[in-house]
Amino acid sequence: ALWITDECINCDVCEPECPNQAITMGEEHYVIDPRRCTECVGHFDEPQCVQVCPVECIPVNPEHVESREQLALKYRALQSGA
Ligand code: SF4
Ligand code: SF4
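With the UniProt record's numbering applied, the sequence shown closes on residue 83, and no number is skipped along the way.
Shown next, in the form of structure tokens:
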């Protein structure tokens with residue numbers, strides 16, 4: 002999963018781009034729910050939030066480093082409503 006650092010300027014452009022509804026407004030800036038972020042695996046070749054973020058504040062979450070296989074499994078679980 003990816004995560005949003007405190008460099009986020011709350012520009013709102015990433016939230017509607019997420020195919021998994023993983024991005025929401027947190028207490029001070031936007032946040033990514035690691036349970037819903039597949040790094041866009043299953044939907045797109047590249048993480049859509051990273052593509053649109055103007056300040057490049059969306060790195061890999063060091064506490065949720067996942068393989069492509071793990072991300073694909075998460076995608077399938079989300080698709081089945083789990
Ligand atoms: Fe959503 Fe994709 Fe960004 Fe993860 S990488 S938060 S799934 S847009
Ligand atoms: Fe924050 Fe980047 Fe999303 Fe804009 S696109 S709200 S700066 S994480």
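Glycine included, each C-beta is placed from N, C-alpha and C at the ideal position.
If you're wondering where the values come from, they're calculated on a predicted model, not measured in any experiment.
**Study point:** Residues of its chain near CYS12, where Cβ-Cβ distance is below 7 Å and the 5 sequence neighbours each way are ignored
**Key:** PRO55, listed in sequence order.
Check your understanding: Can we count PRO48 as close to ligand 1, meaning its CB is less than 7 Å from some heavy atom?
Key -> Checking every heavy atom of ligand 1 against the Cβ of PRO48, one is found closer than 7 Å.
Review point. Going by the C-beta, is CYS19 closer than 7 Å to any heavy atom of ligand 1?
Key: Because some heavy atom of ligand 1 lies under 7 Å away, the Cβ of CYS19 counts as near it: yes.
Check your understanding: Any heavy atom of ligand 1 within a distance shorter than 7 Å of the CB on LEU79?
Key -> It does not: the Cβ of LEU79 is nowhere closer than 7 Å to a heavy atom of ligand 1.
Practice item. Would you mind sorting PRO17 into buried or exposed? The rule is 16 or more other CB atoms within 10 Å of its CB. Key: By the neighbour-count definition (other C-beta atoms within 10 Å, threshold 16), PRO17 is an exposed residue.
Review point. Going straight from the alpha carbon of GLU29 to that of GLU40, what length do you get?
Key: Counting only the Cα atoms, GLU40 lies some 22 Å from GLU29.
Point to revise | Reduced DSSP secondary structure (H/G/I, E/B, other) of VAL32 | key: In the structure shown, VAL32 sits in a strand (DSSP, three-state: E or B).
Review point. For LYS75, which of VAL66, ASN62, ARG37, GLN49 has the nearest alpha-carbon?
Key: Comparing Cα-Cα distances from LYS75 to each of VAL66, ASN62, ARG37, GLN49, the minimum goes to ARG37.
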